[in-house]
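Asks: There's a structure below that I have some questions on.
Residue numbers (the working numbering): 11 to 136.
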């Protein structure tokens, strides 16, 4: 499956749900994995939509999609992955919005990182 198909399929889902007057469902693990690939190399013109999806359409907590999101954001924070749309600080901030679960170990470990410790400490307060 082409990764760009993730965007096409989710846009169609958004339209279908809007026609019914209901909000779109959150991304599942497979869709989130496709989103991660797009965030690493975003298609021109899709940047804002991609950031909105990773920020608002992956459920917080401990489901499979949250696991994928936390893994990607943790990798960015640790310098193991890159996205032109999400820097290390923003990755830590997004980890802080995940309401516990897969994000906690990374946030605690980042307390030893001189650059990111203040951000991680703030996010652990949530």
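A virtual CB, placed ideally from N, CA and C, is assigned to each residue, including glycine.
So, with DSSP's three-state summary, where would you put residue 61?
Replies: Taking the chain shown and counting its residues from 1, one reaches residue 61 at position 51. Reduced to three states, the DSSP call for residue 61 is helix.
Asks: Does the Cβ-Cβ distance between residue 73 and residue 28 come in under 9 Å?
Replies: The residue given as residue 73 occupies position 63 in the chain shown. The residue given as residue 28 occupies position 18 in the chain shown. No; because the gap between Cβ atoms is not below 9 Å, this pair is not in contact.
Asks: Short of 6 Å in beta carbon distance, which residues of its chain neighbour residue 11, apart from the five on each side in sequence? Order them along the chain.
Replies: Within the chain shown, numbered from 1, the residue matching residue 11 stands at position 1. Model confidence at residue 11 stands at a pLDDT of 47, short of 50, so the residue's coordinates are unreliable and nothing is read from them.
Asks: Would residue 111 and residue 132 qualify as a contact pair, given that the criterion is a beta-carbon distance under 9 Å?
Replies: Here the question's residue 111 lines up with position 101 in the chain shown. Here the question's residue 132 lines up with position 122 in the chain shown. Cβ distance not < 9 Å, so residue 111 and residue 132 don't count as in contact.
Asks: Quick check: the Cα distance between residue 53 and residue 93, rounded to an integer number of angstroms?
Replies: Numbered from its first residue, the chain shown carries residue 53 at position 43. Numbered from its first residue, the chain shown carries residue 93 at position 83. Those two C-alpha atoms are separated by around 12 Å.
Asks: Output yes or no for whether 9 Å exceeds the beta carbon distance between residue 109 and residue 71.
Replies: For this step, residue 109 is matched to residue 99 along the chain shown. For this step, residue 71 is matched to residue 61 along the chain shown. Yes, Cβ-Cβ distance for residue 109 and residue 71 is below 9 Å.
Asks: Helix, strand or coil: which one does DSSP assign to residue 17?
Replies: What you label residue 17 is simply residue 7 of the chain shown in a count that begins at 1. The answer is helix: DSSP assigns residue 17 an H, G or I state.
Asks: In terms of alpha-carbon separation, which member of 55, 49 and 16 lies closest to residue 36?
Replies: On the chain shown, residue 36 is found 26 positions in, with the first residue counted as 1. When each option's Cα is compared against that of residue 36, the closest is 16.
Asks: Relative to the C-alpha of residue 97, which candidate in 69, 129 and 135 has its C-alpha closest?
Replies: For this step, residue 97 is matched to residue 87 along the chain shown. When only C-alpha atoms are compared, the closest one is 129.
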